[in-house]
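Following this note's numbering, the numbering of the sequence shown begins with 3 at its first residue and continues without gaps. Worksheet: one structure, shown below.
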Amino acid sequence: MPDKVKQGLLSVVLPSYNEEPSIQRAAQTITAILDEAGIPHELIFVNDGSSDNTWDIIQDTAKHNPHVRGICFSRNFGKEAAIFAGLAQAKGDCVAVMDCDLQHPPEKVVDMYRFWERGYEVVEGVKTDRGKENPLHTFAAKSFYALISKATGVDMSRASDFKLLDRRAVDVLLAMREKNAFFRALSSWIGFSTVQVEFEVQPRLAGESKWSLPKLIRYALTNLAAFSTAPLQLVTLLGVVVFLASVVLGIHSLWQKVTGQALEGFTTVILLQLLIGSILMICLGIIGYYIAKIYEEIKDRPRYIIAGRCEGLEHDGQAEKNI
Ligand code: UDP
Ligand code: MG
3 MPDKVKQGLL
13 SVVLPSYNEE
23 PSIQRAAQTI
33 TAILDEAGIP
43 HELIFVNDGS
53 SDNTWDIIQD
63 TAKHNPHVRG
73 ICFSRNFGKE
83 AAIFAGLAQA
93 KGDCVAVMDC
103 DLQHPPEKVV
113 DMYRFWERGY
123 EVVEGVKTDR
133 GKENPLHTFA
143 AKSFYALISK
153 ATGVDMSRAS
163 DFKLLDRRAV
173 DVLLAMREKN
183 AFFRALSSWI
193 GFSTVQVEFE
203 VQPRLAGESK
213 WSLPKLIRYA
223 LTNLAAFSTA
233 PLQLVTLLGV
243 VVFLASVVLG
253 IHSLWQKVTG
263 QALEGFTTVI
273 LLQLLIGSIL
283 MICLGIIGYY
293 IAKIYEEIKD
303 RPRYIIAGRC
313 EGLEHDGQAE
323 KNI
């Protein structure tokens, strides 16, 4: 059990996509809470290719708040990319990741930091409840997390992206080369001394959720494929099931042939063809999906492209393509 007391700079990474109304409030609230707790900190806003004025507001906030730094993507690369960009830029001895819509209560960052001071290296925010969601969404999320939990061996049902990681854990995550990194599962998967802090998901104060149904489905499939090969094993399982069925039906057909009733069973033939045809297509689809993922990884494209940065009181508006 860790017990030594550390102290150091806390970096807070805030992925921001079309969060015009939230940036300033997030910066003010978090700075106020961390200043009051006497925690040295920096806030890193990652503008994930917003189509509104989020980047202007981040730059403006940085002008007035020396704790604030900003990174601007050249387009929308998704929340995972934004988190990893923030981790890569963080200078802190520990790094917290939270949503900039303040649905993750900033007071909890203080509790997380205290755990880190005592020596914990991964402090995970776990949801006490999932907030307001429709039943279909809850069902889909439950099924997704059941599969992911099985793949990681860690209970992910209440997991969130609200975490605080020690520098060591951050460096381990940054050293991973996979492009389809799933932050909330990977940060549990890496191990280290871990503790959980419960938090209640707050209602969104402004703007709206960025998750549409197609985006959520893509997110679930990508992360399942990134973390689990279970669907590929399903192909084998389906093969075994169909083989067993074919043994039974084979014996049945032979019996019919021997007893001279072989002409019957036209419907069975059609049904079997349809069944086997669709199972084959599904299996090819699953294998194809993994091949597509391998193709994406092997191209070795960057996870994100940074188009600009701003830091404290100085600014660098110039486009810069790297990483
Ligand atoms: N986000 C992002 N890129 C995206 C979508 C979302 O950086 O493509 C950020 C968003 O600005 C917010 C966080 O991820 O800070 C969580 O998004 P949101 O609040 O829309 O999700 P929800 O809380 O509804 O799950
Ligand atoms: Mg939110």
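Beta carbons are placed, not taken as given, at the ideal position from N, Cα and C, and that holds for glycine. Bear in mind the structure is a predicted one, so any value in this text is a computation, not a measurement.
Collapsed DSSP secondary structure at Ile-307 in the structure displayed: coil
Which residues, in chain order, sit with a beta-carbon under 6 Å away from any heavy atom of the ligand MG? Asp-101, Asp-103, Gln-105, Arg-206 and Ser-211
Would DSSP call Arg-71 helix, strand or coil? strand
Simplified DSSP assignment, three categories, for Asp-37: helix
With a threshold of 16 other CB atoms inside 10 Å of the CB of Tyr-306, please say whether the residue is buried or exposed. buried
Closest to Gln-61 by C-alpha separation, out of Val-70, Arg-186 and Asp-302, would be which residue? Val-70
Would you mind working out which of Asn-182, Leu-188 and Arg-206 sits nearest Pro-23, comparing C-alpha positions? Arg-206
Distance check for Gly-241 and Val-249, CA to CA, integer angstroms please. 12 Å
Given this structure, state the Cα-to-Cα distance separating Leu-16 from Leu-286, to the nearest angstrom. 39 Å
Over the uninterrupted alpha helix (DSSP H) stretch that includes Phe-194, give me the two end residues. Run containing Phe-194: none; DSSP gives neither H nor E here.
Taking only three categories from DSSP, how would you classify His-66? helix
Provide the residue(s) that pair with Asp-168 in DSSP beta bridges, ordered along the chain. Cys-96
Measure how close the beta-carbons of Val-124 and Val-199 come, nearest whole angstrom, since I'm counting them as under 8 Å. That pair is no contact at about 11 Å.
Start-to-end residues for the beta strand (DSSP E) that takes in Phe-47: 43-49
For Glu-109, which residues of its own chain have a beta-carbon under 8 Å away from its beta-carbon, when the five flanking residues on both sides are left out? Ile-35
Measuring only the C-alpha atoms, how far is Val-203 from Gly-252? 56 Å
Who are the Cβ neighbours of Ala-228 in its own chain at under 6 Å, not counting the five residues just before and after it? Asn-182 and Phe-184
Relative to the C-alpha of Gly-94, which candidate in Cys-74, Ala-171 and Ile-59 has its C-alpha closest? Ala-171
The beta strand (DSSP E) that contains Glu-126, what's its start and end? 124-129
On the three-state DSSP scale, how would you describe Phe-201? strand
Mind checking which residues open and close the alpha helix (DSSP H) that includes Ser-151? 137-154
I'd like to confirm something about Ser-18: is its beta-carbon nearer than 7 Å to some heavy atom of the ligand UDP, or not? yes
Just mark Asp-131 as buried or exposed, buried being the case when its beta carbon has 16 or more other beta carbons within 10 Å. exposed
Under the three-state reduction of DSSP, which class applies to Ser-255: helix, strand or coil? helix
Buried or exposed, going by whether 16 or more other CB atoms sit within 10 Å of the CB of Asp-54? exposed
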